[in-house]
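From first to last, the protein sequence lines stand for chains A and B. First residue of the first sequence? That's 1 in full-length UniProt numbering, and the numbers climb one at a time after it. First residue of the second sequence? That's 1 in full-length UniProt numbering, and the numbers climb one at a time after it. We put the beta carbon where it would ideally sit given N, CA and C, even for glycine. The structure appears below as structure tokens.
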Amino acid sequence: MLTIDKYAYNNEIASWSPSVKGLLWLVGMIIAFQPILLLKIVFLPIAVIYTLHVVHVTLHQYLKWFYAVIPFVALSIIGIAFTMSPSPKNVYGAIHLFGNYFGLAKSMMPMTLELSFRIITAIVCTYWFALTTPFQQIILLFKHLHFPSLLIEETLLMYRFIFIFVDSFEQIYRAQELRFGYASLGLSVHSAAILGKMLFEQVIINYQKMTYALDAKIFQGEFAVQENKI
Amino acid sequence: MIELQDVDFAYDDHQVLKDVSLTLGKPGQNVIGLIGQNGSGKSTMFLNLVGILKPTSGRILLDGQPLKYDKKSLTHLRQKVCIVFQDSEQQLFYSIVKDDIAFALHNLKLPQDEVVARVRKVLKQLDIEHLKDRPIQYLSGGQKKRVAIAGILVLKSEWLLLDEPTAGLDPDGKQRMITLIKGLAANGQKILISSHDMDFMYEIGDYFYLLQHGNIVKQGDKKTAFADDKLLSECSLEQPWLMKLHQRLGLPLYEHADAMFEDEQLIHTLSAIQ
Numbered sequence: 001m002l003t004i005d006k007y008a009y010n011n012e013i014a015s016w017s018p019s020v021k022g023l024l025w026l027v028g029m030i031i032a033f034q035p036i037l038l039l040k041i042v043f044l045p046i047a048v049i050y051t052l053h054v055v056h057v058t059l060h061q062y063l064k065w066f067y068a069v070i071p072f073v074a075l076s077i078i079g080i081a082f083t084m085s086p087s088p089k090n091v092y093g094a095i096h097l098f099g100n101y102f103g104l105a106k107s108m109m110p111m112t113l114e115l116s117f118r119i120i121t122a123i124v125c126t127y128w129f130a131l132t133t134p135f136q137q138i139i140l141l142f143k144h145l146h147f148p149s150l151l152i153e154e155t156l157l158m159y160r161f162i163f164i165f166v167d168s169f170e171q172i173y174r175a176q177e178l179r180f181g182y183a184s185l186g187l188s189v190h191s192a193a194i195l196g197k198m199l200f201e202q203v204i205i206n207y208q209k210m211t212y213a214l215d216a217k218i219f220q221g222e223f224a225v226q227e228n229k230i
Numbered sequence: 001m002i003e004l005q006d007v008d009f010a011y012d013d014h015q016v017l018k019d020v021s022l023t024l025g026k027p028g029q030n031v032i033g034l035i036g037q038n039g040s041g042k043s044t045m046f047l048n049l050v051g052i053l054k055p056t057s058g059r060i061l062l063d064g065q066p067l068k069y070d071k072k073s074l075t076h077l078r079q080k081v082c083i084v085f086q087d088s089e090q091q092l093f094y095s096i097v098k099d100d101i102a103f104a105l106h107n108l109k110l111p112q113d114e115v116v117a118r119v120r121k122v123l124k125q126l127d128i129e130h131l132k133d134r135p136i137q138y139l140s141g142g143q144k145k146r147v148a149i150a151g152i153l154v155l156k157s158e159w160l161l162l163d164e165p166t167a168g169l170d171p172d173g174k175q176r177m178i179t180l181i182k183g184l185a186a187n188g189q190k191i192l193i194s195s196h197d198m199d200f201m202y203e204i205g206d207y208f209y210l211l212q213h214g215n216i217v218k219q220g221d222k223k224t225a226f227a228d229d230k231l232l233s234e235c236s237l238e239q240p241w242l243m244k245l246h247q248r249l250g251l252p253l254y255e256h257a258d259a260m261f262e263d264e265q266l267i268h269t270l271s272a273i274q
């Protein structure tokens, strides 16, 4: 998912004002949550095609990013769409189970359709925002919206250090894998435990180094967030 | 001028610096090298010099005044003596290069115009103007190192402490580092460098201190500090190759590699042998 970050810096509208992009995202979310289904059906392909165009990404790659959210969406929809009923008339594809009938609930179909489009429209809008807005613009948007500075600082540091964390994870994992650390289930559990331990130790060591670096840079307890017009 | 007087430092029971006394910043010593193997106490000495660690005994003087460890004095000290750590990753906090370079200046609450002017100047000085809007996580190791140095140079400190500046750099990155340090020194910047990269140290340093198990075992200019091959071996270090050529083959002792390759007399003599 971190590749999304790379696209955020290298798309055709990366330099647009974060406020404009934030506003457009909001409009998209309003369309997603308003009740007229037709509007969503029209809006959805336009938003997808526009994202593919400005981000210069293939449809195949774009759809791959949905793998991360599809299990959650599918679980929610399955929970609503499938039901048990005492009468086979109430469900499509009825299967007789324990004296009842299991299948797609006829009465829930309009709601399932509505919910699916709502979720997909919201995800497409959010992906458009994430793929076109560099991180520092998101931080500036938070600042304009008067989010608490503690929240902004935390977000800023988490974003910066998540890459270091992922990098450490990959290095340790590769080193273990090359020495057959994940050759069997037992070994995998053992290696995963060592991986967790090493990451934790590194976090402690890195924290110390970071504290030294903050001291050297005369840190006064607050990370300044402002646009440097350089 | 920085003076260390009988400085000892220990982490709990582990003695790291032992009775270290030295004076940094004498005339003609703009680039000073602190040489020693891993674990010899180089980084610990640096942390003592910027007031992050406090000597167990002895004292450190800056311009004749002993270091004080209250917040105001430390802020003052860290504007005069600045450090760039070995690991660039741990000292870059912002996602965009220009924001990170401006970080220390915002901490000092300098006016925005001053911040912009200083950052622009340093970007130009280090030849990284093209990186100013780039996300830090996608820079190369050498580029990150330059950004880390830029973030410190904006403070316009009198002293610059570089901890293992060539660690992890490719030959091009190392050459750029040499050019950068020479350029800074030419502008009067006082630089203290810790490293065990002997050829690099030989090329850029004016004066050297050899550290072994927390003791200063030798000091002097190029001719003196690198002359004793046996002592360097005991410290798990190696003589610079120019010194080896001088001592073992009887060639003149050149200041740097280019001086040797441009020596007409040497070229003529070697051609005659062929």
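Beta-carbon proximity list for residue i, same chain, < 6 Å, skipping 5 on both sides
i	result
B/TYR254	LEU242, MET260
residue 292 of chain A	With chain A running from 1 to 230 in the structure shown, residue 292 of chain A is simply not present.
A/GLN176	SER191
B/ILE152	CYS82, VAL84
B/TRP159	VAL81, LYS190
B/SER43	ASP163
B/LEU245	LEU251
B/THR56	ASP8, PHE9, ALA10
B/ALA102	VAL115, VAL119
B/VAL31	ALA185, ILE191, ILE204, GLY205, ASP206
A/SER85	VAL91, TYR101
B/ILE60	LEU4, LEU67
Residue of the options minimising C-alpha distance to residue i
i	options	result
B/THR179	B/ASP229, B/GLN137, B/LEU126	B/LEU126
A/VAL54	A/GLU154, A/TYR127, A/SER168, A/MET158	A/TYR127
A/ALA216	B/LEU162, B/MET198, B/GLN65	B/LEU162
B/THR166	B/ASP197, B/ARG118, B/GLY33	B/ASP197
B/LEU17	B/PRO111, B/ALA257, B/LYS54	B/LYS54
A/PHE102	A/TRP25, A/ALA81, A/TYR173	A/ALA81
B/GLY168	B/LEU192, B/ARG120, B/SER140, B/ASP13	B/SER140
A/LEU151	A/HIS60, A/LYS64, A/VAL225, A/LEU26	A/VAL225
A/GLY28	A/TYR50, A/TYR173, A/MET198, A/ALA105	A/TYR50
B/SER194	B/LEU49, B/GLN15, B/SER21	B/LEU49
B/GLY205	B/GLY25, B/VAL97, B/GLU264	B/GLY25
B/ALA186	B/LEU47, B/LEU270, B/GLN29	B/GLN29
B/GLU3	B/HIS14, B/GLY41, B/LEU22	B/LEU22
B/GLU203	B/LYS71, B/LEU266, B/LYS223, B/GLU89	B/LYS223
B/ASP87	A/LEU195, A/ILE230, A/TYR207	A/TYR207
B/PHE200	B/SER40, B/HIS256, B/ILE273, B/GLU262	B/HIS256
B/GLY221	B/PRO27, B/GLU262, B/MET1	In the sequence as presented, Gly is not what sits at residue 221 of chain B; that position holds Asp. Out of B/PRO27, B/GLU262, B/MET1, B/PRO27 has the C-alpha closest to the C-alpha of B/ASP221.
A/PHE169	A/ASN100, A/LEU26, A/TYR67, A/LEU195	A/LEU195
A/SER15	A/ILE70, A/ILE95, A/LEU131	A/LEU131
B/GLN90	A/ILE230, A/THR211, A/ASN228	A/THR211
Contact set for residue i: own chain, Cβ-Cβ below 7 Å, skip 5 residues either direction
i	result
A/ILE31	LEU39, LYS40, PHE43, THR121
A/ILE77	THR112, LEU115, SER116
A/ALA47	GLY28, VAL124, CYS125, TRP128
B/ARG118	LEU105, VAL154
A/THR133	ALA8, PRO18, LYS21
A/TYR92	GLY103, LEU104, LYS106
Identity of the residues DSSP links to residue i by a beta bridge
i	result
A/HIS96	A/TYR101
B/ILE60	B/LEU4
B/CYS235	B/CYS235 pairs with nothing; no bridge assigned.
B/ILE152	Answer by DSSP bridge pairing: none, since B/ILE152 is not bridged.
B/ILE191	B/VAL31, B/LEU160
B/ILE216	B/LEU211
A/HIS53	The partner list for A/HIS53 (beta bridge, DSSP) is empty, contrary to what the question assumes.
B/PHE9	B/LEU17
B/THR23	B/GLU3
B/VAL81	B/TRP159
B/PRO66	B/LEU61
B/GLY135	Note that residue 135 of chain B corresponds to Pro in the displayed sequence, not to Gly. B/ILE96, per the DSSP bridge assignment.
Same chain only: Cβ atoms within 8 Å of residue i, ignoring 5 sequence neighbours per side
i	result
B/ASP19	ASP6, VAL7, ASP8, GLY58, ASN215
B/LEU92	ASP100, ILE136, LYS144, VAL147, ALA148, GLY151
A/LEU37	LEU113, GLU114, PHE117
A/ASP5	PHE135
A/MET108	ILE80, ALA81, THR83
B/ASP133	ILE96, VAL97, LYS98
B/LEU270	none
B/ILE128	VAL97, GLN143, ARG146, VAL147, ALA150
Proximity test, Cβ basis, 9 Å: residue i and chain C
i	result
A/ALA216	Considering every chain present, this structure includes no chain C. Its protein chains are A and B.
Margin query: For the region 107–123 of chain B against the region 211–226 of chain A, do three or more pairs of beta-carbon atoms, one drawn from each stretch, fall closer than 8 Å, so that the two count as touching?
Written below: yes
Note to self: Just to confirm the assignment: which complete beta strand (DSSP E) runs, minimum length 3, are found wholly within the region 73–161 of chain A?
What the structure shows: 82–85, 91–97, 100–105
Item checked: Cβ contact (3+ pairs, closer than 8 Å) linking the region 135–149 of chain A and the region 7–21 of chain A -> yes
Notebook entry, point to check: Taking three-plus beta-carbon pairs below 8 Å as touching, is the region 30–40 of chain B in contact with the region 201–210 of chain B?
Noted result: yes
Check: Between the region 163–171 of chain A and the region 198–213 of chain A, are three or more C-beta pairs nearer than 8 Å?
Finding: yes
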